[in-house]
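The block underneath contains the structure these notes are about, expressed in structure tokens.
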Amino acid sequence: MNPLRRRPDHSAPPDGNAADIFEKGPMKPYSDDLLNFKQQRDTAFWLMKACIVIIGICVIVTVLIATTYNYKTYVVRVDNATGQVETGGELKATNYSPREAEIKYFLTNFVADTRTVPLDPVQYKNNVDRAAHYLTTQSANKLADMLKNDDPRAKLGKMTVQPTIRSIQLQPGSKGTYQVRWSEEEYSLSGSSTHRINNYVALFAVTVDPPTKEAELLINPLGLKIKDLTMSIESTSKAPTPALQGGTSNET
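If you want the numbering used here, it's the position in the sequence shown, counting the first as 1, plus 783.
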């Protein structure tokens, strides 16, 4: 080794700014690209975090709404002649007293849904399912027991039955018990009457149970329900078949 040769001294930093090659020199375009990429990466990172937070909040709110929401019915009554609003407010069992016309309409639909025997069994099932929204659990069980002896389903595919309401009257001394009389006329599958008519009488105790679920709200918005019922057949009649009218002639 040559003793006269001196090693370079690296203890002192070089003159000038070490970053000048990136900021002023030929590497500046690449430096700008790297800086822009870093800024875009940081922006995307914070946007991603913000989206995750927003999605989490939406999920929590959706779960809370799905588990705690309920439906409320508001009843607005108007004068039939003038159209002026008479009363209005949220339907509650404590402040809502249904009118007689509303109850009669309700009972008419219930009898039609439970006693009509159509040609289509699917239609019959839909009618019965709709009528189930008009019953409390206790009255539904009672109706099922009564239908064991007189089940309209036994007539499906054999004939059709059309009920006709004869009268609906509030029982004297009661607040919500109505006597309903109706007749059921039987028809053959071809549509001709068999002239057999069954007359029925029933007592329905009506109450108000405001709906809280969407399915009940769509079918029974007023919350009218039958809490108790009795049903029996009054009489069965077979109208005479109209006789053919004809004349006799004597030839001379």
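By construction, the Cβ of each residue, glycine as well, lies at the ideal position given by its N, Cα and C atoms.
Excluding the 5 residues flanking it on each side, Thr899 has same chain C-beta neighbours closer than 7 Å at Asn910, Val944, Gln945 and Pro946, in chain order.
The beta-bridge partner set that DSSP reports for Gln945 consists of Glu968. A check of alpha carbon separations from Tyr888 across Gly839, Ile948 and Trp829 identifies Ile948 as the nearest. Going by C-alpha positions, Thr1019 is about 38 Å away from Leu1000. Under the DSSP assignment, Leu1012 falls in the beta strand (DSSP E) whose first and last residues are Leu1007 to Lys1021.
In the structure shown, Thr850 adopts helical secondary structure according to DSSP, grouped into three states. Around Asp896, the same chain offers Asn910, Arg913 and Ala914 as residues with beta carbons nearer than 6 Å, after the five sequence neighbours per side are excluded. Note that the segment 961 to 978 does not touch the segment 844 to 852; fewer than 3 beta-carbon pairs, one per stretch, sit closer than 8 Å.
Residue pairing of Asn982 in beta bridges, as defined by DSSP: Ser966 and Ser1018. A straight line joining the alpha-carbon of Leu817 with that of Val842 spans about 37 Å. Straight through space, the alpha carbons of Leu939 and His978 are spaced by roughly 18 Å. Thr960 sits in a strand when the DSSP states are folded into three classes. One Cα belongs to Pro1004, the other to Lys832, and the distance between them is close to 45 Å.
Residue environment for Leu830: exposed (fewer than 16 other C-beta atoms within 10 angstroms of its C-beta). Per DSSP, the continuous alpha helix (DSSP H) segment holding Thr891 begins and ends at Glu883 to Arg898. By the criterion of a C-beta distance shorter than 6 Å, Arg964 is surrounded in its chain by Arg949, Ser950 and Val984, once the five residues flanking it on both sides are discounted.
Look at Ser976 here: in three-state DSSP terms it is strand. The beta-carbon distance between Ile980 and Glu968, rounded to whole angstroms, is 5 Å. This is short enough to meet the 8 Å contact definition. About 7 Å separates the Cβ atoms of Tyr961 and Ile886, confirming a contact at the 8 Å cut-off.
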